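Novice:
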Amino acid sequence: DGFISVERFQSLTDPKRVLSLSFWRDEEAVKAWRNTEEHRQAQKAGRGGIFAGYRLRIAQVVRDYGLTERAEAPEDSRAVNG
Numbered sequence: 050d051g052f053i054s055v056e057r058f059q060s061l062t063d064p065k066r067v068l069s070l071s072f073w074r075d076e077e078a079v080k081a082w083r084n085t086e087e088h089r090q091a092q093k094a095g096r097g098g099i100f101a102g103y104r105l106r107i108a109q110v111v112r113d114y115g116l117t118e119r120a121e122a123p124e125d126s127r128a129v130n131g
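Next comes the structure, spelled out in structure tokens:
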């Protein structure tokens with residue numbers, strides 16, 4: 050179905066504020082999910098009072114690296130930090 054994972058974070062200063070970060074295979078997978086009955090019901094519940102407001106930002110990962118996975122780190126960063 051193209052869904053990879055989701056993580057949810059809650060604001061430390063405003064407990065009513067949450068961030069959901071989901072990862073998908075591609076935009077076609079997002080489109081397919083967006084049109085499912087399950088998603089439509091979740092939208093209805095959210096608009097019905099769960100959320101006072103929301104914003105969606107659709108983005109692509111340009112680079113993905115960490116402390117030990119350095120292959121995609123910028124060259125100057127790898128030169129200094131390995």
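When the letters of the sequence shown are read in order and numbered with the working numbering, they come out as residues 50 to 131. Glycine included, C-beta positions come from ideal geometry on N, C-alpha and C. Fair warning: this is a prediction, and the values are worked out from it, not measured in the lab.
Based on the DSSP secondary-structure assignment, which residues constitute the bridge partners of E56?
Specialist: L70
Novice: Any contact between the region 87–98 and the region 66–77? By contact I mean 3 or more CB pairs, one from each, below 8 Å.
Specialist: Flag = no, the region 87–98 and the region 66–77 do not touch.
Novice: Could you check what DSSP says for N84 in three-state terms: helix, strand or coil?
Specialist: coil
Novice: Between A122 and the rest of its own chain, which residues show a CB-CB distance below 7 Å, the 5 nearest in sequence each way excluded?
Specialist: Y114
Novice: What first and last residue would you give for the alpha helix (DSSP H) that runs through E124?
Specialist: Following the DSSP letters along the chain, one finds E124 inside the alpha helix (DSSP H) bounded by residues E124 to N130.
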